[in-house]
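Asks:
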Amino acid sequence: MSGKPKIAVYKLSSCAGCQLEFLNLEPVLLDVVGALDISYFVMAKRDNAPGPYDIGFVEGAVTCGEEIAKLKAARRDCKTLVALGSCACFGGLPSIKNWEPQREVEARVYSELWAIHSTKAYGIDQYVPVDAYLRGCPIDKGELVELIKNCLLGAAPAWRFPAVCTECKIKENVCLLIYENKPCMGPVTAAGCGALCPTYGKPCEGCRGPAHDANAPSLARIFGDLGLNAADVTRYFRKYAGTTPAFQEGAEAL
Amino acid sequence: MAVAKVSERWAAMSLVPKEEVGLLVDGLARHYQVIGPKQKGKAFVLEKLASGQELRLDYQTSILPPRKALIRPRETMFSFHDNQVETVQDAGPQVLFGLHPCDVHALTLLDQVFSLEYEDPYYAARRQQTYVVALNCTTVGENCFCYLMGTGPTLRDGYDLLLTDLGNEYLVEVGSDAGEELLRHLSLRPAPRVRVVEKEKRLDQVRRQFRQQMEVTEMREVLAGSYNHPAWRELAKDCLGCGNCTMVCPTCFCFQVKDQLELDLNHGQRVREWDSCLLWDYSLVALGHNFRPQLETRLKQRLYHKLYYYEDQIGTPGCVGCGRCVTNCPAGIHPLEVVARLKGE
Ligand code: SF4
Ligand code: SF4
Ligand code: SF4
Ligand code: SF4
Ligand code: SF4
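Protein sequence lines correspond, in order, to chains A and B. Position one of the first sequence corresponds to residue -8 (this note's numbering), numbered consecutively onward. Position one of the second sequence corresponds to residue 1336 (this note's numbering), numbered consecutively onward.
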């Protein structure tokens, strides 16, 4: 990359929380702005330059035809395309609607159904090749900065995705699953958030999607032993990443 | 840390009333960082004690083992910039207060591991300034199996000072010159002979609380012939590969090393973090080959290392029977039950 890399931030179906994490990057925000040329970022600035860009960050799940077209244009315009957040990685929260007929889901929210043409919610790699994934709901700012550094270096980030438990233990949290009998998704969810929720006494919700080689059926059985019924267990595994093969196995285990 | 066998030295014994044991901590804290058991929610952790009042010698076990004071879960090895390297060394005199016999054994194992072929300078620097005030166990936790592994519930060596609960006071024994040095900071009263007899009586009662399920030598024999046993596949259906068991194990020593650059791509740090053989990419090497892509082989690696390979490496089993892996395994995997299953029980 000659000069400062040009970046673009796009939004599909999402809550904009992950884009917001860009702006929450203080205390390093100024360094980031110094290292990058933020060319296109509608939420953050008034004047936005047309492509091509070096790095594109796409937030949100794909939930309709217009978004597929927008995503394909983004892919054409960006050398490196990054899925920003769990919605863009594997459908995220919007994907909870995938397990019912779309018309029924639409009818619950909209009255003018003739104007709605939604599809099931998928991550962006359902439609275009993706170069890097930033998981989480929202993304982890540390990982975002790591990725930016790696882009500047031209190297692939050496990320590992063991279970959230590994980070939870390093923080020496009192295990919610063991000591409180609370259904915690930590044993099958990808680390990287620093075990954020368990550190604040809340069971992991699985927002970062499956850990590497996660054994979801075993955790589903453990949840069953805690007294959860099969439908509840299914909801746990479909909350953020039910579209992934690993969590699909968990959702169907009981 | 010069550790001498108690039998080889004059063992001074003194007494400290229970309500004054906190003062002992406060006395030591004037000269050392004192790390000991304190409560955290429904569990206990070994952490720096702000005062003796935080000390909880009635703890059964801690979440993380004492090794965290010698090789930290995450630590910076050195920082670098413009082709210059600055080593980071943060060792200082510390007292590990109230360690149970199993954990003291674990430290003596790690001492060997970290000096076997290469001396680990970070570990060595901290260990040299680490003093151990051990505590014989007078109650047995539900997952404890030290007696079977020969590492507890009482201690013979490896400590600088050793405490035993005698009801309303602790008997304090000296195990090394360093221990004597520690005592010099404190004023204790000498123990009469009857209290020493009382100690042996109490410890005998504790030993009787264990069921002797299996001999260590038998465990080794069972494992020697079980590498391809079908039970492994069944166990791997339950194991989550979450790595909790190794994170909490007092004798695990694996770490990964990585470089972290600042945004200026010029300043950075080399850090190391605890790693685990249960994790998928632990055995991933350059060009993408993975020696243990299946969970089954990773689960085997952990148990074979603890109960078999460790003995080949340093002559003693790598499990000290502390029971932490049992307490912290969401899938309820217990090393002894695994061996029993392999044996066909
Ligand atoms: S609280 Fe959850 S994430 Fe933390 S160790 Fe327990 S199961 Fe794992
Ligand atoms: S603990 Fe779980 S739900 Fe919470 S941020 Fe981390 S991955 Fe997401
Ligand atoms: S044995 Fe238990 S603690 Fe260890 S990785 Fe398997 S499930 Fe996790
Ligand atoms: S294998 Fe389990 S019981 Fe044995 S030392 Fe490690 S944590 Fe303790
Ligand atoms: S395993 Fe033995 S030495 Fe360790 S805490 Fe339990 S009783 Fe004490």
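Built from N, CA and C at the ideal position, the CB exists for glycine as well.
Terminal residues of the continuous beta strand (DSSP E) containing Cys55 (chain A)?
Replies: Unbroken beta strand (DSSP E) run through Cys55 (chain A): Val53 to Cys55.
Asks: Counting pairs of Cβ atoms below 8 Å between the stretch 1663 to 1676 of chain B and the stretch 1637 to 1645 of chain B, do you hit three or more?
Replies: Yes, the stretch 1663 to 1676 of chain B is in contact with the stretch 1637 to 1645 of chain B.
Asks: Under a CB-based cut-off of 8 Å, is Asp1616 (chain B) close to chain A?
Replies: Asp1616 (chain B) counts as touching chain A.
Asks: Under 7 Å from any heavy atom of ligand 4, does the C-beta of Arg1676 (chain B) make it?
Replies: No, ligand 4 has no heavy atom inside 7 Å of this Cβ.
Asks: State buried or exposed for Lys1340 (chain B), treating a residue as buried only when at least 16 other CB atoms are found within 10 Å of its CB.
Replies: Only weak support is given to the placement of Lys1340 (chain B): the predicted model assigns it a pLDDT of 47, under 50, and the value that follows is read from those uncertain coordinates. With fewer than 16 Cβ atoms within 10 Å of its Cβ, Lys1340 (chain B) is classed as exposed.
Asks: Have a look at Val1420 (chain B) and Leu1558 (chain B) and give me their C-alpha separation to the nearest angstrom.
Replies: C-alpha separation (whole angstroms): 46 Å.
Asks: Mind pulling the chain B residues with CB within less than 8 Å of Asn172 (chain A)?
Replies: In chain order: nothing, as chain B lies at least about 11 Å away.
Asks: Could you list the residues in the stretch 1577 to 1589 of chain B with a C-beta less than 8 Å from some C-beta on chain A, going in chain order?
Replies: Within the stretch 1577 to 1589 of chain B, the qualifying residues are Cys1577, Gly1578, Asn1579, Met1582 and Val1583.
Asks: Is Ala244 (chain A) near ligand 3, with its Cβ less than 7 Å from a heavy atom?
Replies: No - ligand 3 has no heavy atom lying nearer than 7 Å to the Cβ of Ala244 (chain A).
Asks: List the whole-angstrom C-beta distance separating Tyr1458 (chain B) from Leu1405 (chain B), where the pair is believed to meet the contact cut-off of C-beta under 8 Å.
Replies: Contact flag correct, Cβ pair sits at about 6 Å.
Asks: I need the straight-line Cα distance from Arg37 (chain A) to Ser30 (chain A), nearest angstrom please.
Replies: Going by the C-alpha atoms only, they are around 11 Å apart.
Asks: Just how far apart, CA to CA, sit Ala1621 (chain B) and Ala123 (chain A)?
Replies: Distance between the alpha carbons of Ala1621 (chain B) and Ala123 (chain A) is about 20 Å.
Asks: Does the distance from the C-beta atom of Leu261 (chain A) to that of Glu91 (chain A) stay below 8 Å?
Replies: Since the displayed chain A opens at -8 and closes at 245, residue 261 (chain A) lies outside it and no answer follows.
Asks: Just to make sure I have the definition right: I need the residues of chain A whose C-beta is within less than 7 Å of the C-beta of Ala1378 (chain B). Which are they?
Replies: Residues of chain A passing the Cβ test: Val165 and Tyr170.
Asks: Cα separation between Ala1566 (chain B) and Gly1427 (chain B)?
Replies: Answer to the nearest angstrom: the Cα atoms are 47 Å apart.
Asks: When DSSP labels each residue in this structure, what does Ala170 (chain A) get in the three-state scheme?
Replies: The displayed chain sequence assigns Tyr, not Ala, to residue 170 (chain A). If DSSP states are grouped into helix, strand and coil, Tyr170 (chain A) belongs with the helices.
Asks: For ligand 5, enumerate in chain order all residues having a CB closer than 6 Å to any of its heavy atoms.
Replies: Counting every residue whose Cβ lies closer than 6 Å to a heavy atom of ligand 5, we get B:Thr1396, B:His1435, B:Pro1436, B:Cys1437, B:Cys1472, B:Val1475, B:Gly1476, B:Cys1479, B:Cys1481, B:Gly1487, B:Pro1488, B:Gly1656, B:Cys1657 and B:Gly1658.
Asks: Taking beta-carbon pairs under 8 Å, can you tell me which members of the stretch 1654 to 1667 of chain B lie near chain A?
Replies: From the stretch 1654 to 1667 of chain B, only Thr1662, Asn1663, Pro1665 and Ala1666 have a Cβ closer than 8 Å to chain A.
Asks: Within the structure, which residues are defined as neighbours of ligand 1 by a Cβ-heavy atom distance below 7 Å, reported in chain order?
Replies: Result: A:Ala154, A:Val155, A:Cys156, A:Cys159, A:Lys160, A:Asn164, A:Cys166, A:Leu167, A:Leu168, A:Ile169, A:Cys175, A:Gly177, A:Pro178, A:Ala186, A:Pro189, A:Pro194, A:Cys195, B:Cys1577, B:Asn1579 and B:Pro1665.
Asks: Which same chain residues, not among the five before or five after Pro1509 (chain B), have their C-beta less than 7 Å away from its C-beta?
Replies: For clarity, residue 1509 (chain B) is Val in the given sequence; the question names Pro instead. These residues qualify, in order along the chain: Ala1346, Ala1347, Leu1496, Glu1515 and Leu1518.
Asks: What in chain B is Cβ-close to Asn15 (chain A), meaning under 8 Å?
Replies: Residues of chain B passing the Cβ test: none, with the nearest at roughly 16 Å.
Asks: Among the residues of its own chain, which have a CB less than 6 Å from the CB of Arg66 (chain A), if the five just before and after it don't count?
Replies: Here the set comprises Leu72 and Val119.
Asks: Give the secondary structure of His1366 (chain B) by DSSP, where H, G and I count as helix, E and B as strand, and everything else as coil.
Replies: If DSSP states are grouped into helix, strand and coil, His1366 (chain B) belongs with coil.
Asks: Less than 8 Å between the CB atoms is what I'm expecting for Val19 (chain A) and Val136 (chain A), so what's the real figure, rounded?
Replies: Sure, about 6 Å apart at Cβ, within 8 Å.
Asks: By a C-beta neighbour count over all protein chains shown, 10 Å radius and 16 as the cutoff for buried, is Lys1593 (chain B) buried or exposed?
Replies: Looking at its Cβ environment, which holds fewer than 16 other Cβ atoms inside 10 Å, Lys1593 (chain B) is exposed.
Asks: On the premise that Gln1636 (chain B) lies in contact with Cys1612 (chain B), defined as a C-beta separation below 8 Å, what is that separation, rounded to the nearest angstrom?
Replies: Right, the Cβ-Cβ distance comes to about 5 Å (below 8 Å), so this counts as a contact.
Asks: Is DSSP giving Cys69 (chain A) helix, strand or coil here?
Replies: The answer is strand: DSSP assigns Cys69 (chain A) an E or B state.
Asks: Cβ closer than 8 Å: which chain A residues qualify as neighbours of Leu1611 (chain B)?
Replies: Rather than Leu, the amino acid found at residue 1611 (chain B) in this sequence is Ser. Going along chain A in sequence order, the residues near Ser1611 (chain B) (Cβ under 8 Å) are Pro153 and Thr157.
Asks: Quick one: is Met34 (chain A) buried, meaning 16 or more other Cβ sit within 10 Å of its Cβ, or exposed?
Replies: By the 10 Å Cβ count, Met34 (chain A) comes out exposed.
Asks: Where does Glu1421 (chain B) sit, in a helix, a strand or coil, going by DSSP?
Replies: Residue state, collapsed to three classes: strand.
Asks: Candidates B:Asp1425, B:Leu1630, B:Leu1634 and B:Arg1530: which alpha carbon is nearest Val1507 (chain B)'s?
Replies: Ranking the options by Cα distance to Val1507 (chain B), first place goes to B:Arg1530.
Asks: With Pro201 (chain A) and Ala181 (chain A) assumed to form a contact (beta carbons below 8 Å), what rounded beta-carbon distance in angstroms separates them?
Replies: Confirmed, about 6 Å.
Asks: Pick out whichever of A:Glu134, A:Cys159 and A:Ala154 has its Cα sitting closest to the Cα of Ile147 (chain A).
Replies: Before going on, a small fix: residue 147 (chain A) reads as Ala here, not Ile. The shortest Cα separation from Ala147 (chain A) among A:Glu134, A:Cys159 and A:Ala154 belongs to A:Glu134.
Asks: Would a check of beta-carbon distances place Ser209 (chain A) closer than 8 Å to chain B?
Replies: So yes, Ser209 (chain A) belongs to the interface.
Asks: Hey, which unbroken runs of the beta strand (DSSP E) at 3 residues or more fall wholly within the stretch 1469 to 1507 of chain B?
Replies: Fully enclosed beta strand (DSSP E) runs of 3 or longer: 1496 to 1500.
Asks: Got a sec: does ligand 3 put a non-hydrogen atom nearer than 7 Å to the Cβ of Leu1613 (chain B)?
Replies: Yes; taking the cut-off as 7 Å, the Cβ of Leu1613 (chain B) has a heavy atom of ligand 3 nearer than that.
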